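What follows is a single structure, written as C-alpha cells, with notes after it.
In C-alpha cells form, the structure reads like this:
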C-alpha cells in the first residue's frame, strides 16, 4: 500500500531557506521524485533520488533515506516565484504515487 | 513546454454526458499516464498505457476508459458524467528507458454542470 505524509502548508520569507519534509510507506519502492506545481498548471520535475543521500541542483536540493522512508526538499535563497505546491512522489513499479502536496507561500 | 500536448484545454458539459480527452506524448515516449486532480484532492493516478497496451491501473472508475493508438496518442473517455467528475485531467509521458521521470501536459479542465 501507499501512505505519503507532507505538511499541508508552509510560509517562508524571501531570501530564506525552507525544508519540506515527506515520509512515505510504499511497497516496491524504486526512488522518489519531487515536483513543483503552480496553481492550475502542470507539475514540473524538480529532482529524483534513488540512493540515500543529498542531490543538489542549484537552489534546490533533495535528500532521501530509504531505511527511514523519509525525504526532504530544501529550497535556498527563496524567491517570490517559488510560491507553489511541492509534491512528493515515491516511484513504485513505474507509477508515481503523489502526496497531497505542500503549499508554500513566500512572503516579501 | 514539456512536449506533451492535451486537447481541449477547457471543456464544459452537463451531467450524464460523455466526453473524450486527447493526449499526444513527447516524441519517442512510449508510456502515457492519466491523472485526475480535484480541488480537494492531490493528483490521483488513473491509468497507464505502454506502446498501446494497458500497463497499470489506479483509481479509475468503470465509467472511465482509455486507450493508446498505434501513433502513441491516447484518449481518455469519461461517460455518464457526474458533478464530482469536475477536475483537471493531466496526461504525462515517459520513455521508460531512464529513471521514469514523467513529463506532464498542460491539462484539460473539465467542468460538469
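Protein chains in written order, with the numbering used here: chain A, 1 to 108; chain B, 1001 to 1113.
Heads up, the beta-carbon is just placed ideally off N, CA and C, and yes, glycines get one too.
On a predicted model such as this, the values are computed, not experimentally measured, just so you know.
Asked: Chain B within 7 Å of residue 108/A, Cβ atoms only; Found: no
Asked: For residue 82/A, three-class secondary structure by DSSP; Found: helix
Asked: Residue 1040/B - DSSP class collapsed to helix/strand/coil; Found: coil
Asked: 7 Å Cβ cutoff met for residue 1103/B and residue 1002/B; Found: yes
Asked: Residue 1085/B versus 1096/B, 1033/B, 1005/B, 1018/B, residue with shortest Cα-Cα distance; Found: 1018/B
Asked: Contacting positions in the region 1045-1063 of chain B - beta carbon closer than 9 Å to chain A; Found: 1045, 1048, 1050, 1055, 1056, 1058
Asked: Neighbour list for residue 1042/B in chain A, Cβ cutoff strictly below 8 Å; Found: 87, 98, 99, 100, 101
Asked: Any C-beta of chain A under 7 Å from that of residue 1106/B; Found: yes
Asked: Status (buried if at least 16 other CB within 10 Å, exposed otherwise) for residue 4/A; Found: buried
Asked: Supposed close pair residue 109/A, residue 78/A - CB separation, criterion 8 Å; Found: No information on residue 109/A is available, as it lies outside the stretch 1 to 108 that chain A covers here.
Asked: Environment of residue 1016/B [buried if 16+ CB atoms lie within 10 Å]; Found: exposed
Asked: Rounded separation between residue 1052/B and residue 59/A - CA only; Found: 39 Å
Asked: Chain A contact for residue 1112/B (CB, 7 Å cutoff); Found: no
Asked: Own chain residues within Cβ distance below 8 Å of residue 92/A, not counting five before or after; Found: 2, 26, 27, 28, 29, 30
Asked: Minimum C-alpha distance to residue 1005/B - residue among 1012/B, 1083/B, 1013/B, 1034/B; Found: 1034/B
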